[in-house]
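Okay, structure first, notes after.
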Amino acid sequence: MPKVGRRRTGENPEKERGAGGGGAQGEKTPKAGRRRTRGDPDLETEREAKKRSLAEEASPSAMFAAFERGDAPQSEAKSERVYDVVESVMEESSGSPIPLLHEPYIPDELASHPGIHHAFELAEAKYNAEKDHRYALFTMARGPPHSCLFNERRLLPICETAKDAVLLVSGSVIRLSSSLGRVPLNKCCGLWFQQDEEKKTAIVLTSAHLVRKQDPSVMNQWTGKYHRDARVIVHLLDGTTARGSLLYLQEHYEIALYEVTMHKPVELPTFNDTVHSGQDVFRLGRDDESLDLKITHGRVEYKIPVRHERCHYLYFSSDESRHRLLHDDGGPIVDLEGKVVGLVNNHINETFVPSCILHKCLDFWRSFKCMPRLHLGMTFTSINLLDPVCIERMKRKHNIESGLIVQQVSKGSYAEKLGIRKGDVIEGFNGKYVSTTIELESMLVDICWDHFDQRNKLYAEKDVSVLIYNAAKLCRRTRNLTVVVSDFGEDIIEGTYAITIE
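Heads up: the sequence shown begins at 1 in the UniProt record's numbering, then just goes up one per residue.
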């Protein structure tokens, strides 16, 4: 219906608001912790200093993602953003500025004019077309799908902090795709991990699932072959693509490094080695087509791994159902400071590799171009994950306060030959007590450091001291266990035998 007799607005041009309300944009101040800087040598251990020295000797011009420990100071509050108040002497474009959009209406005195309605229809059509054009501007594109940080009342207490955290690391999150010949293989996310400005290259940290062909008969787990020769494309955030070259693939931790030719800077994230159960975190990914950021809220959870899962996994617990539709493997788990606390391993099973493990692996790779660990021939469950009633009973009756319960022993392994069986408790390695599988994994990599410091090689055998509580005989013993230093994935071979008829 034509609008008749409405009060006319906009007869006098409206004055634009001043820039004091934040209308003008200044350059953002650099974010703290984006690139690795040399720490205080007095605070570094001898091993950490050696790792840093080896890495810098190997790549003197490279910049790495930063790693922080739990006792590191929190990021400083965002500084007040300022800009120079200098009037531009160059016109942004020629011609007069675009006029404000005014809605047409029919004045009361012309309501009965024979041609006014036709004129109104033409004016209204022009107005609607211009309004549609304005709504098509990128600043007005706010349609679905919305993330969990948009109008989610349950996240209101952390929403603003979480937005800052997510946006801080978002520039580091990219999309990768792989193919075998012309056949698509997989899609994953990744993180920029290192850049060499002299060589014009950057390195992406991602999931090894990117080049692993999944067996369709096996649900919710990756069991297929790794195709190291697969063609990998890195989808950059400016809409261009680049070819990725495989540098290294670690099967046990299921991570891979790809090198990309880059002629402009990339954003390097900050990692945090410390994460605790129940902590609010966000899993980040990228949309396959638009590259829009995908954000899923969850909490860190420690759980007893199922049979096919690695003992070093942590779990991303989320109530959101749509997270199962994303290809988030290789994407980051981010805390409320915008620091990466883990890398998504399997978004379906909601597992991720914690940053404390990534830290040791990447330090090892920078120094020795490999990521070894000790193969023990066993899998474990931490006593800490049991019901407190069970923990108290073990302490009261058997004087066991912590340790790792053996879940599986690989057939033919040195552990089997040593007499270790399912249900026994491993209380310590090399004179150090161990209470969680994450602590164990860290110990295994540290022992590998000592092994390589002595100029030993991969796939060699090594003896470690193990404190064992025999659950059947109710006694403790310390034994030397022969283990293998390897960067292959460790598979547990189940013991079987064929039934015969007498």
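No residue lacks a Cβ here, since even glycine has one placed at the ideal position from N, Cα and C.
Stretch pair the region 178 to 193 + the region 280 to 288: three plus CB contacts closer than 8 angstroms: yes
Where the beta strand (DSSP E) containing Thr241 begins and where it ends: 241 to 250
Buried versus exposed call for Ala498 [16 or more other C-beta atoms within 10 Å across all chains shown]: Using a 10 angstroms sphere on the CB of Ala498, the tally of other CB atoms stays under 16, which defines it as exposed.
Simplified DSSP assignment, three categories, for Leu268: DSSP places Leu268 in coil when its eight states are reduced to three.
Cβ-based burial, Leu210 [other Cβ within 10 Å; buried from 16]: Under this definition Leu210 is a buried residue.
Backbone CA spacing between Asn272 and Thr241 [nearest angstrom]: 29 angstroms
Three-pair Cβ contact test at 8 angstroms for the region 353 to 371 versus the region 411 to 420: no
Identity of the residues DSSP links to Cys189 by a beta bridge: According to DSSP, which records beta bridges pairwise, Cys189 is partnered with Arg175.
7 angstroms Cβ cutoff met for Pro269 and Ala62: no
C-alpha distance - Pro265 paired with Leu236, whole-angstrom precision: Distance between Pro265 and Leu236, taken at the CA atoms: about 12 angstroms.
Entirely enclosed beta strand (DSSP E) segments - the region 457 to 487, minimum 3 residues: 461 to 470, 475 to 486
Spatial neighbours of Glu320 in its chain, beta-carbon cut-off 6 angstroms, leaving aside the 5 residues before and after: Thr296
Close beta carbons around Leu155, own chain, < 8 angstroms, minus the five adjacent residues each side: Within the same chain, Leu155 has close Cβ partners Cys148, Leu149, Ala162, His297.
Backbone CA spacing between Gln74 and Val434 [nearest angstrom]: Because Gln74 sits at a pLDDT of 49, beneath the cut-off of 50, its placement in the model cannot be relied upon, and the following sentence gives the value as read from the coordinates. Whole-angstrom Cα-Cα distance: 28 angstroms.
Supposed contact pair Tyr302 and Leu358 - C-beta distance, whole angstroms, cut 8 angstroms: Contact flag wrong, Cβ pair sits at about 18 angstroms.
Beta-carbon proximity check, Ala471 vs Gly423, cutoff 7 angstroms: yes
Buried versus exposed, by CB contacts within 10 Å (16 or more), Lys294: buried
Proximity of Leu176 and Thr206 at Cβ, strictly below 7 angstroms: Contact flag set, yes.
Limits of the beta strand (DSSP E) - the one that Asn345 falls within: 340 to 346
Glu282 - containing alpha helix (DSSP H), residue span: According to the sequence shown, residue 282 is Phe rather than Glu. Note, Phe282: premise wrong, no alpha helix (DSSP H); beta strand (DSSP E) at 280 to 286.
Proximity test, Cβ basis, 7 angstroms: Leu358 and chain D: No chain D appears in the structure shown, which is made up of a single protein chain.
Counterpart residues of Thr379 in DSSP-defined beta bridges: Gln408
Thr381 to Cys475 span [Cα, whole Å]: 20 angstroms
Thr139, buried or exposed, once every other Cβ within 10 Å from all chains shown has been counted against 16: exposed
Secondary structure of His276, DSSP reduced to three states: coil
Member of Ala125, Leu291, Ile255, Asn346 whose CA lies at the smallest distance from the CA of Ser317: Asn346
Beta-carbon proximity of Gly338 to Val353, cut-off 7 angstroms: No; because the gap between Cβ atoms is not below 7 angstroms, this pair is not in contact.
N- and C-terminal bounds of the beta strand (DSSP E) containing Ser355: Per DSSP, Ser355 is not a residue of any beta strand (DSSP E); the alpha helix (DSSP H) it occupies stretches across 355 to 368.
Span of the beta strand (DSSP E), counted from its first residue to its last, around Lys294: 293 to 301
Nearest neighbour of Ile493, chosen from His375, Asp280, Val485, Val409 [CA to CA]: Val409
Chain-order list of residues whose beta-carbon lies under 6 angstroms from that of Ser413 (same chain, five-residue window excluded): Take Ser413, set aside five residues on each side of it, and the residues of its chain with a beta-carbon closer than 6 angstroms to its own are Gly377, in chain order.
Closest by C-alpha distance to Glu309, when choosing among Gln195, Thr437, Ser96, Ala415: Thr437
DSSP three-state assignment for Met371, whether helix, strand or coil: coil
Identified DSSP bridge partners for Lys395: DSSP lists no partner for Lys395.
For Tyr315, the first and last residue of its enclosing beta strand (DSSP E): 314 to 317
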